[in-house]
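Step one of this worksheet: look at the structure below.
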């Protein structure tokens, strides 16, 4: 089955700096790649997703890039703010619509 | 509109007892998913419902785990004879159409935090 690796496991940045989280996957048939943000005591919330027919997608301060040849995708957050502090999960979707998640990245934005 | 809701938000039980966890999906969503989030295993898929049917139960860890969905809406996840390793956050998600629509966004509820003593 699909295997998703996520790096780094923790990331500390200064407010205003950029943060980048990277994921690799194993199944070349995967075609949907969502990113979720999870705050303490809450469920994961979708922040951005990308499908395999595009290489990059941007939504204000958040962008995701996808390299299908290399089987990796990345989350980029620019101008980080304290409220960006959370756990971020990448995921791919296996046949049958089941999500396979990375292990998560704890992002700390220091003000 | 209302999102996915789950109850109870927290559950403490004794080893060997049965527990029932409830999920109310977004109104009109055909597909419903259960996931488990634990320190050792991360976020893992348990079961998927398309309407009231469960075409994929491959993630249920043992026969102590079962789930049902009635009326194409509410779902309950039941764990019988709970063990300490069942302690985790149980998350429910829903999506508008499921497999028939291809890949689509899954919307998660807040989860039920289960602690087995």
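Residue numbers (my numbering), protein chains in the order written: chain W, 109 to 219; chain C, 14 to 130.
The beta carbon of each residue, even a glycine, is placed where N, CA and C say it ideally should be.
Keep in mind that this is a model prediction, so the values were computed, not measured.
Excluding sequence positions up to five away, which residues of its chain have a Cβ less than 8 Å from the Cβ of residue i?
i, result
"residue 85(C)", "43, 64, 65"
In whole angstroms, what separates the C-alpha of residue i from that of residue j?
i, j, result
"residue 34(C)", "residue 198(W)", "26 Å"
"residue 154(W)", "residue 122(C)", "12 Å"
"residue 110(C)", "residue 101(C)", "28 Å"
"residue 113(W)", "residue 219(W)", "29 Å"
"residue 136(C)", "residue 81(C)", "Missing from the structure shown is residue 136(C); chain C here goes from 14 to 130 and no further."
"residue 118(C)", "residue 27(C)", "36 Å"
"residue 150(W)", "residue 32(C)", "21 Å"
"residue 23(C)", "residue 185(W)", "33 Å"
"residue 165(W)", "residue 29(C)", "48 Å"
"residue 72(C)", "residue 115(W)", "25 Å"
"residue 92(C)", "residue 168(W)", "42 Å"
"residue 143(W)", "residue 152(W)", "9 Å"
"residue 61(C)", "residue 129(W)", "29 Å"
Along chain W, which residues have their Cβ under 9 Å away from the Cβ of residue i?
i, result
"residue 55(C)", "197, 209, 210, 211, 212"
"residue 37(C)", "The premise fails here: residue 37(C) is roughly 13 Å from chain W at the closest Cβ pair, so nothing lies under 9 Å."
"residue 15(C)", "Chain W residues near residue 15(C): none, gap ~14 Å exceeds 9 Å."
Which bits of chain W does residue i rub up against, with CB to CB less than 7 Å?
i, result
"residue 58(C)", "206, 207"
"residue 87(C)", "Those do not exist, as residue 87(C) stays about 17 Å from chain W at its closest Cβ, beyond 7 Å."
Examine chain W for any beta-carbon lying closer than 8 Å to the beta-carbon of residue i, and answer yes or no.
i, result
"residue 74(C)", "no"
"residue 64(C)", "no"
"residue 69(C)", "yes"
Give a yes or no on whether the minimum CB-CB distance between residue i and chain C is below 8 Å.
i, result
"residue 154(W)", "yes"
Output, in chain order, the set of chain W residues within a Cβ distance shorter than 8 Å of residue i.
i, result
"residue 116(C)", "139, 140, 159, 201, 205"
"residue 44(C)", "205"
"residue 111(C)", "205"
Considering only residues of the same chain and omitting the five flanking positions on each side of residue i, which have a CB-CB separation below 7 Å?
i, result
"residue 124(W)", "187, 188"
"residue 21(C)", "125"
"residue 127(W)", "119, 121, 185, 188, 215"
Below 7 Å on C-beta distance, what does residue i contact in chain C?
i, result
"residue 151(W)", "104, 121, 122, 123, 124"
For a contact meaning CB atoms closer than 9 Å, what does residue i contact in chain B?
i, result
"residue 84(C)", "The structure shown contains no chain B; its protein chains are W and C."
So if DSSP puts residue i in a beta bridge, which residue, or which two residues, is it bridged to?
i, result
"residue 130(W)", "115(W), 182(W)"
"residue 120(C)", "107(C)"
Here's a check: name, in chain order, each residue in its chain whose Cβ is nearer than 6 Å to the Cβ of residue i, leaving out the five neighbours to either side.
i, result
"residue 140(W)", "159, 201"
Confirm the yes/no value for this check: CB of residue i, any heavy atom of the ligand ATP, distance under 7 Å.
i, result
"residue 215(W)", "Of ligands this structure carries none, so the ligand ATP is not represented either."
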